[in-house]
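First to last, the protein sequences are chains A and B. The opening position of the first sequence corresponds to residue 1 in my numbering, with each subsequent residue numbered one higher. The opening position of the second sequence corresponds to residue 1001 in my numbering, with each subsequent residue numbered one higher. C-beta atoms are modelled at their ideal positions from N, C-alpha and C, and glycine is treated no differently. To start, the structure itself, in structure tokens.
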Amino acid sequence: MKKITLFMATAFLLLSCESAVEGLNDNPNAYTDAPISLILNHSLLNLASIAEAEPARITGIFTDQFTGVDRQYRTLNGYSTLSTTYESFWEDVYQRGISQIQIAKAKAIEGGNSVAEGQALILEGYHFSEAAIVFGDIPFSEVNNPEFPSPNYEGQRSVILGAIAMITDGVAKAGSSSANNNVLETSSTWAQIGNALKARYYLALGDMANANSSAVAANFTSADNDWNITHSTANYGENLFWQFEVEQRADYLKIENSYMAQLLNSTDDHTKETRRQMKRHVTTTM
Amino acid sequence: MSFDEVNREHAKQGVFGQGRGGVWNSNASGLSWGDKIADRSGAANGVDQTGAYFVGGITGDTYYPITAKNSREVYNDANREMVFRSGLTQNYGLSVNYSGENSDTFISYSRLDQKGVINGLSDYVRNTFRVNTTNNLTDRITTRINTSFIDIKSNRIQTGSNLNGLYLGYLRTAPDFSNEDYIGTYYSGPDDAVGVPNSHRSYRARQIGQGSGIYNNPGWTINEINNPNEVMRFTVSPKIEIALQDNLKFTARYGLDFYTDRRENYYPVKSAGDWNGGGFYKNDYSERIQNLNLFFNGQNSITSDIDLTWVVGYVVEDNEYYRFSSSTNNFLNPDPSKQLVGNAVNGDILASEYKSRDKKTSGYYSLSFGVFDNLLIDLTGRLERNTTLSDLNFYPSASAGYVIKEASNTGVLSFLKLRASYGQVGIAPSLYINESNFITSTAGSEGWGDYIDGANYGGTVRRSATQGNPDLKVERVTETEFGFDARFFDNKLTFGATYYNRLTTDGILQLETPPSTGFTERYANAAEISNKGIELDFSYNLISDTDLSVNLFGNFTAYKNIVESLPDVSRVLLNGFTSTGSVVKEGESFAAIFGGAYERNADGSIATDSSGFPLIDDEQQVIGDPNPDYRAGLGANIDYKNFNLSFLFETSQGNDMWGGTQGVLYYFGIHPDTANESVAPVDLPIYNSSSVIPAGTTFRGNIGDFGGGQVALQENWYRTNGGGFGDLDEQFVKDASWIKLREISLNYTLPESILGAIRAKSGQVGVAGRNLFLITDFAGVDPEVNLSGASKGRGLDYFTNPGTKSVLLNVKLNF
């Protein structure tokens, strides 16, 4: 019995030595932090997730810009949806959008980089406004924080006003710096982009006076002022609508029978009324 | 040698042609909702010979765009024969055993050569060499070295939810399209003298090979897409045993298991999905697993009635893993005869790697007490240190066996032993889930396959959607077991019964979190899962004479596997799709099937809309349980002179399965159910439409009644919520109980007369069958097949490659 106890003691003594495994759980495959420039660049690229991917497709189907023809989109075209239908939309807005922008913003503030902070504020305002326009009430203050698994949903109007305030702050900080970058091409400054966005969101609120003054402040004089992402033929550099329709999901999404196609094709009086309604529809929903 | 066949297939209709709305159309999303084939004139198809055309690489036939589909030909059988074949497995082995005075050497070689049941590039060859030697160095020291080398070369056909998977293209192919000329030369018009060689022709909008496949032609999938794999595995395990005293021994055992695994996927130019320009993916994996086990063991008598056998040891396990991957997209040189990494411009050549190292050290003891010859008590303990946990963890176990009766031939009962045990094991958290990472990022909703890589835009990084958790604890599994073994009638009948209760606490799961928190998933010690069950087995020697013996045996198991606690999340997806999957959900069976369900009225009936079609609940629900109520087996072993016959039936009852394939075949109008023709008894409402099918009209489809009156289940219904792409997954969850003849074999032991003639010591020839018959109500596939293979998530069928049945011939000779 003594022998057993002795052997046991030895074996268990060997175990007390933590160095055998120490440090092995530090992931050698991934970084635990990244420079602000790369995160800000992601935040810009995420605009394509909103404007070219699932959010654009779903809203396009519901506003009859497109017709969902095939598979899941055919079901969606009949307005049959489940709560899971919007999961990737929500992820594009919050996890891949706002959270990353807030990380970049915090880094900008920490580094005293007010231009980067301003850019982040404008991008943040864009994401909140677009989401509020589509969904109505959404989480606004209680975001990007695991402490809020069931965040408070704040009113649509107050979210958009809050977002406009962010953009205003962003315009003041990023101001005259060029909004041309690795992702988006434009001749505009960040102030011009910010004001153009404000015009869009005031329009959504029906505040014509502020929409007008923001549009004037944006001072877009030519198409060069547009903020465009340029696509290439490199794999995964192509336009997402093209990837979706040509490479991945042929024939899911068409414009045949869409309201938009009717509008373009038709000349009768009835369509004039439709065209008026359509205008209102597009402005408040997109 | 074994001959294999597909054991169950999905049926396809041959009544209606490609198209939609009852009109033939080669460009209609791959649907078979076209015209009735029997109503066609039967003349040759009208074609347009003024423009582009295709010359088939298999038959040499020329294909022009069809302008009038007149032919009544149906190709379901020919298309099937193109895909399946009889598989053949050959297994040879040779082994030599040599015993010297103080040593013993065993050398063996075996080769397994398999041609799969799918035509084309589906094969598997395994060569195994083994050398084991044992040496008695002195009468107290013994060494043994076991070594092996295994080389596996294989090629597989892609499966599942995959544009390049076999079943996706094969099952969806319209009945009036021949897949035979899947490859050939495309000419853009009569003036095109050169054409595009290696063009890909497929039924869906590519009938003259005008572009990459939307789905691959199955001929392309099985013959042109190449998925070679080579695994080389080397193991060596030396061991030394030193007898320190008569009742005390020291053993040191080392094991090294090293393998390299090279997997390649080659998609030639014009393949479906991303691979219009071709793609070549190469992954090199290597892993080194080492373990060292040092232990003392001995025997002592504590008193005259109590004996002790004990082991005390120390183990180190060390596992190093490495992967290097490269991808080459949009080939510069489209020639498929060479498959080269780097055959593209810079932006289209990517590399990545992954490395990990995991270690575990543990000390353990095992004490076995024998008391009065009829009570055996085992006490063991294990103290572990893991890479991912800061604390040491101790796992105890204890078991006892008590023989109540071991006796004479008197009475009914000849032996009875009671057993009880208790034990704990721990599962440490996986590596690297302690921290949140920053990763290179993309834009787009990737679930659909389309995305923009930030590398094309100056590089982008985001914080990963998975929240790391530095505070994870060990996941503990505690098991209690009771049982008995009994023998009756002079040991003729044996019967055993076991009850077990296994409780997993602090189960580590990847939980979904609302994206507004900044993450979509987090790791947590979240689940408590119980698994309680019984296992019964029996064996009965019905006859045991010199010439004839008959033995019956069987088993029965039943369990309840319940997720007792999993707060804060709707469910955790194990495998499958977010629309329908196998999940962990509080209060439900483990791996329950979860998806879109009927909206129910208070009385449980299906809620319907004003025209009688079902409404769908906004929230997904549990719609099936893949766990069986019970499983059982019954077999027999019969020896008559030199012959041996044995067989085993198995069954699983009460398990559900999601027929995802069936749902999608409904959508496409290729499932035989959708080819029924019905006569409307009354005016029948049509789904999503204000019009009706007037009474007395014959229409393609079925008549349904969800409780709100009769409705027409026709194209409108099947292509939305009546089909697999709709929201109503519940309708495709079916009972998948099965009964199988798992195995039957007949063997003949060669008599002396034959053995003498071939100078063999012993020998046997035999024939056996595996899965020869299957009874199940689940249509289209063997319910033991699963979308994600052998995984925790189960009960899912979605274009999964089929199961097999086999006939085996074998010859064994010992010289």
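Interface residues of chain A facing residue i [CB-CB closer than 9 Å]
i: F1725/B; result: D70, R71, Q72, Y73, R74 and T75
i: K1249/B; result: Residues of chain A passing the Cβ test: none, with the nearest at roughly 12 Å.
i: G1449/B; result: Q243, F244, E247, Q248 and R249
Buried versus exposed call for residue i [16 or more other C-beta atoms within 10 Å across all chains shown]
i: Y1451/B; result: buried
i: Q1090/B; result: exposed
i: D1348/B; result: buried
i: S214/A; result: buried
i: N1179/B; result: buried
i: W190/A; result: buried
i: P1694/B; result: exposed
i: T284/A; result: Confidence in T284/A is poor, its pLDDT being 27 and thus under 50, which makes the residue's placement unreliable; the coordinate value appears in the next sentence. Answer is exposed; the Cβ neighbour count stays below 16.
i: T1520/B; result: buried
i: A1043/B; result: exposed
i: R275/A; result: Any reading at R275/A must be qualified, since the residue scores a pLDDT of 49, below 50, and its modelled position is unreliable; no value is offered.
i: N1456/B; result: buried
i: L1796/B; result: buried
i: R280/A; result: In this prediction, R280/A scores a pLDDT of 38, lower than 50, which makes its location untrustworthy; no coordinate-derived value is stated.
i: Y1098/B; result: exposed
i: N1070/B; result: exposed
Spatial distance of residue i from residue j (CA atoms)
i: F1815/B; j: S1762/B; result: 7 Å
i: G1756/B; j: K1641/B; result: 19 Å
i: Y1203/B; j: T1173/B; result: 6 Å
i: Q262/A; j: G1022/B; result: 25 Å
i: H231/A; j: W1448/B; result: 19 Å
i: E91/A; j: I164/A; result: 22 Å
i: I1427/B; j: Y1395/B; result: 11 Å
i: G1533/B; j: D1629/B; result: 11 Å
i: R1020/B; j: I1037/B; result: 13 Å
i: Q1114/B; j: R1770/B; result: 16 Å
i: S141/A; j: Q1510/B; result: 26 Å
i: I166/A; j: I1508/B; result: It should be pointed out that residue 166/A corresponds to Met in this sequence rather than to Ile. Spanning the two alpha carbons is a distance of roughly 40 Å.
i: A1011/B; j: T1147/B; result: 48 Å
i: R1700/B; j: N1655/B; result: 33 Å
i: A1782/B; j: E1650/B; result: The question names Ala, yet the displayed sequence has Asp at residue 1782/B. Rounded to the nearest angstrom, the two C-alpha atoms are 14 Å apart.
Test: residue i CB closer than 8 Å to a CB of chain E
i: A1675/B; result: No chain E appears in this structure, whose protein chains are A and B.
Counterpart residues of residue i in DSSP-defined beta bridges
i: T1698/B; result: V1679/B
i: D1485/B; result: K1417/B and G1496/B
i: E1743/B; result: L1648/B and R1770/B
i: N1146/B; result: N1132/B and S1237/B
i: M1657/B; result: K1734/B
i: G237/A; result: According to DSSP, G237/A bridges with nothing at all.
i: Y1266/B; result: N1226/B and F1280/B
i: K1359/B; result: D1318/B
Neighbour list for residue i in chain A, Cβ cutoff strictly below 7 Å
i: G1273/B; result: E247 and Q248
i: T1387/B; result: V21, L24 and N25
i: D1618/B; result: L82 and S83
Where residue i meets chain A, residues with beta-carbon distance less than 8 Å
i: W1033/B; result: Simply none; closest approach about 12 Å.
i: A1465/B; result: E91, Q95 and R96
Residue i: contacting residues in chain B (beta-carbon distance under 9 Å)
i: Y31/A; result: N1437, F1438, I1439 and V1461
i: L161/A; result: Simply none; closest approach about 19 Å.
i: Q156/A; result: Ordered by position in chain B, no residue passes the 9 Å Cβ test against Q156/A, which lies about 16 Å from the chain.
i: F148/A; result: P1514, S1516 and T1517
Residues that residue i contacts on chain B, provided the C-beta gap is smaller than 7 Å
i: D251/A; result: S1029
i: N182/A; result: Y1457 and G1458
Nearest-angstrom Cβ-Cβ length linking residue i and residue j, presumed shorter than 8 Å
i: D1625/B; j: E1599/B; result: That belief does not hold up - the Cβ atoms of D1625/B and E1599/B are roughly 21 Å apart, past 8 Å.
i: L1292/B; j: V1312/B; result: At roughly 15 Å, the Cβ-Cβ gap does not stay under 8 Å, so L1292/B and V1312/B are not in contact.
i: D1729/B; j: G1596/B; result: 5 Å
i: A1712/B; j: A1675/B; result: Not a contact, Cβ separation roughly 15 Å.
Contact test: residue i Cβ vs the ligand ZN heavy atom, cutoff 7 Å
i: V1781/B; result: By its list of ligands, the structure shown contains no ligand whatsoever, and the ligand ZN lies outside what it can speak to.
Contacts that residue i makes with chain B (C-beta to C-beta distance below 8 Å)
i: A48/A; result: A1443, G1444 and I1452
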